[in-house]
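Just so we're aligned, residue 8 is where the sequence shown starts under this note's numbering, counting upward by one. Backbone N, C-alpha and C fix where the C-beta goes; we use that ideal spot for every residue, glycine too.
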Amino acid sequence: MTSPGGSQTRDLLASAFGFDPDGSAAHFLVNIPAGSTVPVDISEHLTWDPERVADSVHLGLERQDGQVRCRLPRGKWNEIAEGLRAEFNARLKKQGRRPGKWRAGYNAICRPLGKELALLAWAIEDADPRSSPRRSPTGRDFSPRNGGGYTR
């Protein structure tokens with residue numbers, strides 16, 4: 008992502024889950040590597056720099072933005088990805104916003120949805136797969152209940 012008007016940045020924003028840098032610079036990035044066994048990184052950012060999306064997930068002395076919040080094993084990501092996409096897109100549709108999609112590489116998410124994703128990822132990242140509740144690809148597992156929380 009070397010240019011603010013570059014096609015990679017436009018593609019990232021076109022497939023984003025509710026993130027619009029003109030409305031709020033704060034966002035989450037989900038880095039889904041092309042390899043099928045490589046973990047997925049979920050990071051939180053308070054600024055938007057289209058020239059540094061690909062490296063903003065890594066902290067450096069010169070850049071204090073970009074905190075990796077969770078590194079989710081690929082198998083666990085694969086279990087929740089489709090359900091999250093469906094749930095997030097249903098919510099975005101209710102708001103009259105464009106749907107998002109997961110792609111290999113960086114995926115931008117608006118901050119409220121990113122916070123929910125981070126909480127869910129923290130809940131399952133170290134969970135024993137034998138004791139984890141089954142997750143449905145319909146997204147029903149991920150919709151907030153009245154008063155907060157998620158249904159099983």
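In angstroms with no decimal places, state the Cα-to-Cα distance between residue i and residue j.
i: G67; j: Q74; result: With a pLDDT of only 47 at G67, under the threshold of 50, the placement of this residue in the model should not be trusted; the figure read from the coordinates follows. Roughly 11 Å between the two C-alpha positions.
i: K100; j: P106; result: 7 Å
i: D29; j: K122; result: 20 Å
i: L124; j: R98; result: 14 Å
i: L20; j: F26; result: 7 Å
i: D56; j: S43; result: 28 Å
i: T16; j: D72; result: 18 Å
i: K83; j: D18; result: 26 Å
i: G90; j: A32; result: 26 Å
i: S14; j: I39; result: 19 Å
i: N85; j: F24; result: 18 Å
i: I131; j: A88; result: 13 Å
i: H52; j: E94; result: 22 Å
i: I116; j: Q102; result: 15 Å
So residue i is in the beta strand (DSSP E); what residue range does that whole segment cover?
i: A97; result: No beta strand (DSSP E) holds A97; the alpha helix (DSSP H) holding it covers 81-101.
i: S50; result: 47-52
i: F35; result: 34-39
How about residue i and residue j: do their beta carbons lie closer than 8 Å?
i: R110; j: S50; result: no
i: R3; j: H34; result: Because residue 3 is not part of the residues shown, which for the chain are 8 to 159, the question remains open.
i: V37; j: V47; result: yes
i: C77; j: A128; result: yes
Run through DSSP, which three-state label would residue i get?
i: A21; result: helix
Could you give the residue range of the alpha helix (DSSP H) that holds residue i?
i: L127; result: 118-132
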